[in-house]
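To keep things clear, I will list the structure first and then write my remarks on it.
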Amino acid sequence: MRILILLAALLLSPSLFAQITVHIKPNNQSYLSYEPIHAQVSITNQSGRPLTLRNTGNDSWIEFVVKNQSGRVVGQITPAAYAGTTIPTGETIRSSFLLNNHYDLALPGNYSVYAVARTPDQNGRQGTRSNQGYFTVNRGVPSWKAKVGVPGVAGDEREYRLIDFNNGNSPQLYIQVEDVKFSRMLACYSMGRNLSFRQALKSIDRENNLHVLFMTTPELYCYTVINTAGETVKRLYHKTAGSTKPYLHTHDDGSIVVANSILYDPEKEAEEQKKFHKLSEVPGGFEQ
Numbered sequence: 144m145r146i147l148i149l150l151a152a153l154l155l156s157p158s159l160f161a162q163i164t165v166h167i168k169p170n171n172q173s174y175l176s177y178e179p180i181h182a183q184v185s186i187t188n189q190s191g192r193p194l195t196l197r198n199t200g201n202d203s204w205i206e207f208v209v210k211n212q213s214g215r216v217v218g219q220i221t222p223a224a225y226a227g228t229t230i231p232t233g234e235t236i237r238s239s240f241l242l243n244n245h246y247d248l249a250l251p252g253n254y255s256v257y258a259v260a261r262t263p264d265q266n267g268r269q270g271t272r273s274n275q276g277y278f279t280v281n282r283g284v285p286s287w288k289a290k291v292g293v294p295g296v297a298g299d300e301r302e303y304r305l306i307d308f309n310n311g312n313s314p315q316l317y318i319q320v321e322d323v324k325f326s327r328m329l330a331c332y333s334m335g336r337n338l339s340f341r342q343a344l345k346s347i348d349r350e351n352n353l354h355v356l357f358m359t360t361p362e363l364y365c366y367t368v369i370n371t372a373g374e375t376v377k378r379l380y381h382k383t384a385g386s387t388k389p390y391l392h393t394h395d396d397g398s399i400v401v402a403n404s405i406l407y408d409p410e411k412e413a414e415e416q417k418k419f420h421k422l423s424e425v426p427g428g429f430e431q
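Numbers given in my numbering equal positions in the sequence shown, counted from 1, plus 143.
The structure is reproduced here in structure tokens:
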């Protein structure tokens with residue numbers, strides 16, 4: 144009888160109902176050290192009513208447990224506080240969370256992560272756990288690097304690094320910008336898909352901005368300009384003009400342009416394509 148009463152109490156406990164399901168998936172399989180590591184979390188509301196997930200007291204409605212390749216939990220470097228959300232009945236929401244904000248993931252190695260989501264009636268020792276997601280952090284080997292000063296700031300120095308890296312989806316060309324004086328990474332991100340059989344062209348202008356031109360498809364070249372803060376200040380796409388390839392040209396005043404190319408305009412390209420007749424539109428009796 145006592146066992147039946149205990150089972151009944153457990154069954155009636157609202158925190159034990161399968162109110163939500165949680166799934167996590169890192170955006171990529173592999174990352175470079177200091178690259179933003181995003182995890183996509185999907186939460187499905189199975190409670191039979193609209194459900195609001197929110198922080199209560201000192202308990203966050205969602206938290207992450209990250210482990211290194213030794214199975215040790217990676218401690219938080221800053222407390223996490225995420226805005227709440229409301230999930231309509233029977234629906235699924237998907238949100239992206241940046242793990243680097245709260246966990247030091249710069250060391251190379253294999254990592255795992257899972258999420259724990261809590262409904263308002265659950266405390267910090269309860270919650271619904273997701274599956275485990277896996278990702279790898281790599282240091283990467285620069286194919287090119289250069290140090291420059293910061294205009295207007297005496298003694299400050301930056302190092303630009305280009306790294307060819309496959310993040311598990313496709314080969315990418317990455318940029319890293321480090322504050323040399325304070326040994327601090329300012330930026331690390333992919334500039335785009337890179338066909339590395341043609342070496343990327345790079346040049347530094349009079350403001351010490353880095354200009355990079357690389358082949359992203361057999362027909363398109365990506366032209367990107369990065370400043371000393373690690374920000375992308377320009378990104379344009381160019382097509383080959385004639386039989387020679389685009390290149391970076393430096394003017395006498397120190398400015399840099401892409402030469403021997405046609406600026407790619409996708410809208411204009413689409414309009415040009417409409418001018419050509421499809422094979423199905425060829426009049427009957429005419430053979431090609």
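The beta carbon of each residue, even a glycine, is placed where N, CA and C say it ideally should be.
Model, not experiment: these values are computed from the prediction.
Review point. Among LEU194, MET334, ARG341, ASN244, which one has its Cα closest to the Cα of PRO361?
Key: Selected option, being the one with the closest Cα: ARG341.
Worksheet item: Quick one: is PHE308 buried, meaning 16 or more other Cβ sit within 10 Å of its Cβ, or exposed?
Response: Under a 10 Å Cβ-count criterion, PHE308 is classified as buried, with 16 or more other Cβ atoms of the shown protein chains found around its own Cβ.
For ASN188, three-class secondary structure by DSSP
strand
Straight-line Cα distance separating PRO251 from GLN265:
If you draw a straight line from the Cα of GLN265 to the Cα of PRO251, it is about 35 Å long.
- Query: Taking all protein chains shown into account, do 16 or more other C-beta atoms lie within 10 angstroms of the C-beta of ILE399, making it buried, or fewer, making it exposed?
  - Reply: buried
query = Near GLN319, which residues of its chain fall below 6 Å by C-beta distance, leaving aside the five closest residues on each side in sequence?
reply = ARG304, CYS331
Practice prompt. Within the same chain, show all residues whose beta-carbon is closer than 6 Å to that of VAL216, passing over the 5 residues directly before and after it, in chain order.
Written response: LYS210
Exposure label - ILE163; buried when at least 16 CB within 10 Å | buried
* Measure the C-alpha to C-alpha separation of GLY292 and GLN315 and round it to an integer number of angstroms. => 27 Å
Residues in its own chain within less than 6 Å of GLY214 by CB, not counting five upstream and five downstream? none
Report the rounded CA-to-CA distance for LYS324 versus ASP408, giving the unit in angstroms. About 41 Å.
Q) If you draw a straight line from the C-alpha of SER238 to the C-alpha of ALA384, how long is it? A) Between SER238 and ALA384, the C-alpha separation is close to 43 Å.
- Query: Among residues of its own chain, excluding the 5 on either side of ALA223, which ones have a beta-carbon nearer than 8 Å to its beta-carbon?
  - Reply: SER203, GLU206, PHE207, ASN244, HIS245
Query raised in the report: With distances taken between CB atoms, is the gap from HIS381 to VAL401 smaller than 8 Å?
Result: yes
SER241 in three-state terms, based on DSSP: Strictly speaking, residue 241 in this sequence is Leu, with Ser absent from that position. Strand at LEU241.
Compare the C-alpha of ALA258 against each of ASP247, PHE278, SER273 and name the closest.
The shortest Cα separation from ALA258 among ASP247, PHE278, SER273 belongs to SER273.
key: Residue range of the beta strand (DSSP E) that includes LEU379   = 375 to 383
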